[in-house]
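Student: If you read the sequences in order, they're chains A and F.
To convert a position in the first sequence, counted from 1, into the numbering used here, add 558.
To convert a position in the second sequence, counted from 1, into the numbering used here, add 1098.
We put the CB at the ideal spot given by N, CA and C, even for glycine.
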Amino acid sequence: MIAPTDVSSALQILLLATLALPVVGALVVALMPARLDRGARIVATAFAAVTFVVAALLALPTTRDFGWFDYGGTGAPPVAPWAEVDLAWVPALGIDFHVGVDGISYPLVVLTGLLTLLCCGYTVWKVPAGGSGRTLAALLLVLEAGILGTFLALDLVLFFVFFEVVLLPMYAVIAGWGGPERRRAARKFVLYTLFGSVLLLLGVFTVVAAAGTGDLLALAGGYGLSRTTQCVAFALFAVAFAVKAPLWPLHTWLPDAHTEAPTVGSVILAGVLLKMGTYGLIRVGVGVAPEGAAWAAPVLGILAAAAIIAGSLVCLRQTELKRLIAYSSVGHMGFVLLGIATLTVTGVQAALIGNVAHGVITGLLFFLAGAIKDRAHTGDLAGLGGLRESAPRLAGLLGFAAIASLGLPGLAGFWGEAFAVVAAVERGGPLWITLAVVAAVGGALTATYFLRLLRRVTHGPATGAVTGIPGVAPAEWLAWSPLILLTLVVGLVPALVLAAGADPVAALTGALR
Amino acid sequence: MIQAVNHVALLPLYAAAGTALLVLVVELAFGRFHLLTATAGGVATAVCAVAVPDHAATFCGGDLCSWTVTPHAGVMTVIFAGLTIGVLALSAPALRRGLAPVGEFCFLLTCSMTGGVVVAYAGDLISLIVGLETLTLPLYVLVGLRRVRASAAGSSAAVTFFLISVVSTAVALLGAALLYAATGALHLDALVEGSGPYESLAAVGAALVVVGFAFKVAAVPLHAWAPATYDGAPVPVAAYLSTASKLGGVLALAAVVQRLDTGPLVAVLAVLTMTVGNLVALRQTRMVRLLAWSSVAQAGYILAPLAAGAAGVQAAYAYAIFFVLLEFVAFGAVAALRGPGTDGGDLDDYRGAGRRSRWPGAALVLAFAGLAGLPPGLAGLFAKVAVVASLITAGWGWLAGVVAVNAVIALAYYLRAAALLYAAPQQPVIHLADTAPAVVLDPDLLHRAPSVSRTVLAAVTVAAAATIAAGFLPQSIFDALSG
């Protein structure tokens, strides 16, 4: 039996290691000589693997302390993190190095660790043209550090700092290893998202100046900020995160970035980078400015429903594989934002599971799209006809991922979308019922365009581009199987994602009532 | 009347002025060791600045002193000394090749450093203006100082700079005179708003002083001299102009605006400076001009918190320090990538330079990221955070918004320049007479990385290390500033 203090200090070490390992790994990999390029990529994968294991271990105490469905009757549950580290960093600017993990951030932290591991492993097998493999692997690790920091930060200013960390590495990944139009796409990505993050900066200091603290735990529930401050802050936060998520109509950077990014870049971008926006909206937007959130919820809900419809309609007309998946992300993130906009426990939980499911499924879809484009040298749907004839396994996997993405019950994509609609109905009133109906119609459209994609790609006679392409390589099976497995597991046992998040979600949304 | 002089408080000045004299003597006596003497003198100045006890003062009449030791004065003196040593290191290869007379160069630069020290410690308006003149006067010569006259750019730059500077000093002096006439105060601590019939006179005086100093930081619309001067000057001198000279201007401005209400004027200058600087920088095709316009824009970010008066001074100082570090790294990296005796060149000359010279390229990327306010240039991120935080806290939210929008515009040109460093080199084509153009198969043979002098590399490395350290421990700078 381990004493509780030992547990917490061990957890603190794990927490710091989760952030430090990718940084150290990136430095080591970047400094390795050019002739050891493959070795450097293997080292990067090893660092990513250790980070993943360490991140996964963060949940250790919770399995013992409370059961999966222990909602308890103790009144308002506190938003206490399982583990936290709080060090003064820049008192002059009110920045504490305050990080911690709880049920909201944990699934995303593990997802980040997993996807980075898979992407690093993928670069060992294949480096996209453009630059050296070890630089790419080092950039992936830096990205991981930034994303993990954003999810773990419990200080508002620290959250902003980590939010900024990912900008330039992602720019470099797209601009260095991307497709023919990469520079323009990368520039668009970075300018859009910087625009979002400067708004975040303004919002952060609007709150910090009014409250005198940046501690997210203290700020959760509004901290007695005036209604005006909350509304201003939430408006800034909402636009900032809407650019990142992205929410229609601020999404236009996303399709270009995805189309041009290398496979690993797309996977990280869709899998976890976008989640920084939705996570931020839950943790920072709703958490810090609940009154502002209540004030802006109808607008957010309408935009989310519009995003679902717009994303689906655009997808119906897409002829390029990666672009189609990118636009489908707009629709899926619309469901997540709709869930958040309802400000109910069901809605926010739907958003959390939608986040994770989208990360897993879209990560898989981009891996598959990248593999197909690498083989056929085209992403044009018309040129990919008859894939089932020439590469049956690849076509089968694409079918599986597409069906998961369109929300078939029993697979991961179902829960987030279904319960976002349920939450909107529960919220009641003509507006939310209408939004629920619109979202449901959008869900049906999602099914339409994915089935259209499958019909185009997998049926009919094999075109010249797909004839004789190689099948799925062992390295690819290795990279993809965890995602396939997770799609099934999360679909069958959604409680895995939700159980630990129940208390903090109740605390965050409970502040509204 | 006999005034007691506190010589301990004056130690930094003695060290700096002594260095300049010593360099002159060494030049006459030995004809060599100038660089060594000047560097040692710079170190001595920094050591003296650290050693002087806080809140010492001298040249006092009653409570008011013309020479006051404040925490920020010590920090700024250390930075002036560091920049002087850095610029000496950057110029060393060119000086060794005899591109400019060594003795004169070192003497003028250390004179300029002396002016910086005076600005940092000045306790009254006249000392401040004299210090500022001592800081900039040697620079007119340095801008045009070279043995071989490569082009008219250097001398025309020097003349432009000289004329503009003289006018700005005259304006500042007129402002000081009007202030004195209206309020009877010259000591910074005694500066007050005018009252009664002299109110408007004092306001005009304050505005003129601000305008005069704004020339020195190249604030729009008083900026026109900067890009031409920077581009015409040797790269190390341009580095000094955009760091030390600008820092002097910031110190002078901060001394005035924290005591007199010039908020609206400074706010207008700040908005114009950052917006115009960034928009024009977008269209630059020459490296040093791009850096010049970006440093105009950066001056706008420094001016912004000064609009809030005393509440923003700490943030402005912090921003200035982070900016000076990053700017020096940028110019140092340019000097390293270009080699001695060359100018900054066109942006296209940098295509693929980061692939050929790994570390100078990385330093330039770090500097660009920092100037754009993004990690890995954490120093620049904290600088922006400090400015925005102080503006919002002081109730100038709209100005913080302008700063934020400008940060987005600025990223566009920093990215363009940084991405070019890693772009694939274009296949160069050599046109031979009467034959088809010959394609060069191995472009690296044409673009061999220039061998970088060790002193330049050391200067860039130290500056980059300081920048990284400041990025991770920004609190140390805030602590040093507040004493």
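1) Within this structure, are the beta carbons of Ala1557(F) and Gly1184(F) separated by less than 7 Å?
2) DSSP on Leu569(A), reduced to helix/strand/coil?
3) Ala1573(F) CB to nearest chain A CB: under 7 Å?
4) Mind pulling the alpha helix (DSSP H) runs of 4 or more residues that sit fully within the stretch 1286 to 1349 of chain F?
5) Do you know offhand how far Pro1541(F)'s Cα is from Ala819(A)'s?
6) Identify which residue in His1285(F), Ala1283(F) and Leu1233(F) has its Cα closest to the Cα of Val1264(F).
7) Can you look up Phe1426(F) in the DSSP assignment and give me helix, strand or coil?
8) To the nearest angstrom, how far is the alpha carbon of Gln1382(F) from that of Arg1514(F)?
9) Report the neighbours of Phe753(A) on chain F: residues whose CB is nearer than 7 Å to its CB, in chain order.
10) Could you run through the stretch 1009 to 1035 of chain A and flag, in chain order, every residue whose CB is less than 8 Å away from some CB of chain F?
11) Buried or exposed for Trp735(A), going by 16 or more other Cβ atoms inside 10 Å?
12) Can you tell which of Ala730(A), Gly770(A) and Leu574(A) has the C-alpha that lies nearest to the C-alpha of Gly652(A)?
13) For Ser1549(F) and Leu726(A), I'd like the C-alpha separation in whole angstroms.
14) Counting only Cβ-Cβ distances shorter than 9 Å, please list the residues of the stretch 965 to 979 of chain A near chain F, keeping chain order.
15) Just to confirm, is the Cβ distance from Tyr1328(F) to Ala1390(F) under 7 Å?
16) Taking C-beta pairs closer than 7 Å, name the residues in chain F that Trp811(A) reaches, listed in chain order.
17) Assuming Val601(A) and Val587(A) form a contact by the criterion Cβ under 8 Å, report the distance between their Cβ atoms to the nearest whole angstrom.
18) So, at 7 Å on beta carbons, what are the nonlocal neighbours of Thr1067(A) in its own chain, with the 5 sequence-adjacent residues on each side left out?
19) Let's see if you can read the secondary structure: which residues bound the alpha helix (DSSP H) around Ile1042(A)?
20) If we count Cβ pairs, one from each stretch, closer than 8 Å, do we get three or more for the stretch 1367 to 1381 of chain F versus the stretch 1416 to 1425 of chain F?
21) Where does the unbroken beta strand (DSSP E) through Val659(A) begin, and where does it stop?
22) Go ahead and pull the three-state DSSP assignment for Leu645(A).
23) Determine which residues of the stretch 643 to 659 of chain A have a Cβ less than 9 Å from any Cβ of chain F, and write them out in chain order.
24) Just the chain F side, please: which residues come within less than 7 Å of Glu722(A) by C-beta, in chain order?
25) May I have the straight-line CA-CA distance separating Pro1403(F) from Leu716(A), to the nearest angstrom?
26) Tell me the residue span of the beta strand (DSSP E) that contains Leu1162(F).
27) Nearest to Ala646(A) by CA position, among Asp773(A), Phe718(A) and Leu749(A), is which residue?
28) Using a cut-off of 8 Å between C-beta atoms, extract the partners of Val1594(F) located in chain A.
29) Kindly indicate if chain F contains any beta-carbon less than 7 Å away from that of Val756(A).
30) Beta-carbon within less than 8 Å of Leu1299(F)'s beta-carbon, same chain only, minus the 5 sequence neighbours each way: which residues are those?
31) How about Ala1144(F) and Ala1255(F): are their beta carbons less than 7 Å apart?
32) Between Leu725(A) and chain F, is any beta-carbon pair separated by less than 7 Å?
33) Would you say Ala733(A) and Arg742(A) are within 7 Å of each other, going by their C-beta atoms?
34) Compare the beta carbon distance of Leu1165(F) and Thr1175(F) with 7 Å and say whether it is the shorter of the two.
35) Suppose contacts are defined by Cβ-Cβ distances below 7 Å. Is Gly754(A) in contact with Lys833(A) by that definition?
36) Is it buried or exposed, Ala1179(F), if we count other Cβ atoms within 10 angstroms and call 16 or more buried?
Tutor: From the atom records:
1) Within the second sequence, numbered from 1, the residue matching residue 1557(F) stands at position 459. Within the second sequence, numbered from 1, the residue matching residue 1184(F) stands at position 86. Cβ atoms of Ala1557(F) and Gly1184(F): closer than 7 Å.
2) The residue labelled residue 569(A) in the question sits at position 11 within the first sequence. DSSP places Leu569(A) in helix when its eight states are reduced to three.
3) Taking the first residue of the second sequence as 1, we reach residue 1573(F) at position 475. Note that residue 1573(F) is Gln in the sequence shown, not Ala. It does; some Cβ of chain A falls within 7 Å.
4) For the stretch 1286 to 1349 of chain F, whole alpha helix (DSSP H) runs of length 4 or above, ordered along the chain, are 1297 to 1314, 1323 to 1330 and 1333 to 1338.
5) What you label residue 1541(F) is simply residue 443 of the second sequence in a count that begins at 1. What you label residue 819(A) is simply residue 261 of the first sequence in a count that begins at 1. A caution first: Pro1541(F) carries a pLDDT of 49, below 50, which makes its placement in the model unreliable, though a value can still be read off. Here the alpha carbon of Pro1541(F) sits roughly 28 Å from the alpha carbon of Ala819(A).
6) Within the second sequence, the letter at position 166 stands for residue 1264(F). With distances taken between Cα atoms, Val1264(F) lies closest to Leu1233(F).
7) The sequence position of residue 1426(F) within the second sequence is 328, counting from 1. It is helical.
8) On the second sequence, residue 1382(F) is found 284 positions in, with the first residue counted as 1. On the second sequence, residue 1514(F) is found 416 positions in, with the first residue counted as 1. Roughly 11 Å separates the two Cα atoms.
9) Stepping through the first sequence from its first residue, residue 753(A) is reached at position 195. The contacting residues are Val1506.
10) Cβ contacts with chain F come from no residue of the stretch 1009 to 1035 of chain A.
11) As a working note, residue 735(A) is residue 177 in the first sequence. In summary, Trp735(A) is buried, with 16 or more beta-carbon neighbours lying within 10 Å of its beta-carbon over all protein chains present.
12) Indexing the first sequence from 1 puts residue 652(A) at position 94. When each option's Cα is compared against that of Gly652(A), the closest is Gly770(A).
13) Counting from 1 along the second sequence, the entry for residue 1549(F) is found at position 451. Counting from 1 along the first sequence, the entry for residue 726(A) is found at position 168. Cα to Cα, the separation comes out at about 29 Å.
14) Listed by position, the residues of the stretch 965 to 979 of chain A near chain F (Cβ gap below 9 Å) amount to none.
15) The residue labelled residue 1328(F) in the question sits at position 230 within the second sequence. The residue labelled residue 1390(F) in the question sits at position 292 within the second sequence. The answer is yes: Cβ separation under 7 Å.
16) As a first step, residue 811(A) must be located in the first sequence, where it is residue number 253. Per Cβ cutoff of 7 Å: no residues; Trp811(A) is ~13 Å from chain F at best.
17) If you number the first sequence from 1, residue 601(A) lands on position 43. If you number the first sequence from 1, residue 587(A) lands on position 29. For a cut-off of 8 Å, the C-beta gap from Val601(A) to Val587(A) is around 6 Å, short enough to register as a contact.
18) Within the first sequence, the letter at position 509 stands for residue 1067(A). Cβ within range, chain order: Leu901, Thr902, Val903 and Val906.
19) Stepping through the first sequence from its first residue, residue 1042(A) is reached at position 484. Where Ile1042(A) is concerned, the enclosing alpha helix (DSSP H) stretches over Pro1032 to Leu1050.
20) By the criterion of at least three beta-carbon pairs nearer than 8 Å, the stretch 1367 to 1381 of chain F is not in contact with the stretch 1416 to 1425 of chain F.
21) The residue labelled residue 659(A) in the question sits at position 101 within the first sequence. Taken as a continuous stretch (DSSP letters only), the beta strand (DSSP E) holding Val659(A) covers Ile653 to Val659.
22) Counted from its first residue, the first sequence places residue 645(A) at position 87. Note: Leu645(A) maps to strand in three-state DSSP.
23) If the cut-off is 9 Å between Cβ atoms, the stretch 643 to 659 of chain A has Ala646, Trp647, Val648, Pro649, Ala650, Leu651, Gly652 and Ile653 near chain F.
24) Position 164 of the first sequence, counted from the first residue, corresponds to residue 722(A). Simply Leu1472, Pro1473 and Leu1479.
25) One-based indexing of the second sequence puts residue 1403(F) at position 305. One-based indexing of the first sequence puts residue 716(A) at position 158. Straight-line Cα distance between these residues: approximately 22 Å.
26) As a working note, residue 1162(F) is residue 64 in the second sequence. Counted as a single uninterrupted DSSP element, the beta strand (DSSP E) harbouring Leu1162(F) occupies residues Leu1162 to Thr1166.
27) Start at 1 with the first residue of the first sequence, and residue 646(A) comes out as number 88. Residue nearest to Ala646(A) within the set Asp773(A), Phe718(A) and Leu749(A) is Asp773(A) (criterion: CA-CA distance).
28) Any property of residue 1594(F) remains undetermined from this structure, which presents chain F solely from 1099 to 1581.
29) The residue labelled residue 756(A) in the question sits at position 198 within the first sequence. Interface criterion met: the Cβ of Val756(A) is under 7 Å from a Cβ in chain F.
30) Counting from one through the second sequence, the residue named residue 1299(F) turns up at place 201. Result list for Leu1299(F): Leu1276, Ala1279, Ala1280 and Gly1292, in chain order.
31) As a first step, residue 1144(F) is located in the second sequence; it is residue number 46 there, counting from the start. As a first step, residue 1255(F) is located in the second sequence; it is residue number 157 there, counting from the start. For Ala1144(F) and Ala1255(F), no; Cβs fall outside 7 Å.
32) Counting from one through the first sequence, the residue named residue 725(A) turns up at place 167. Chain F, which has a Cβ nearer than 7 Å to the Cβ of Leu725(A), makes this yes.
33) For the purposes of this step, residue 733(A) is taken as the residue at position 175 of the first sequence. For the purposes of this step, residue 742(A) is taken as the residue at position 184 of the first sequence. It is not a contact, given that the beta carbons lie outside the stated cut-off.
34) As a position in the second sequence, residue 1165(F) is number 67, starting the count at 1. As a position in the second sequence, residue 1175(F) is number 77, starting the count at 1. The sequence as given places Trp at residue 1165(F); Leu does not occur at that position. It is not a contact, given that the beta carbons lie outside the stated cut-off.
35) Looking up residue 754(A) in the first sequence gives position 196. Looking up residue 833(A) in the first sequence gives position 275. If you check the CB distance, Gly754(A) and Lys833(A) do not come in under 7 Å.
36) Position 81 of the second sequence, counted from the first residue, corresponds to residue 1179(F). Under a 10 Å Cβ-count criterion, Ala1179(F) is classified as buried, with 16 or more other Cβ atoms of the shown protein chains found around its own Cβ.
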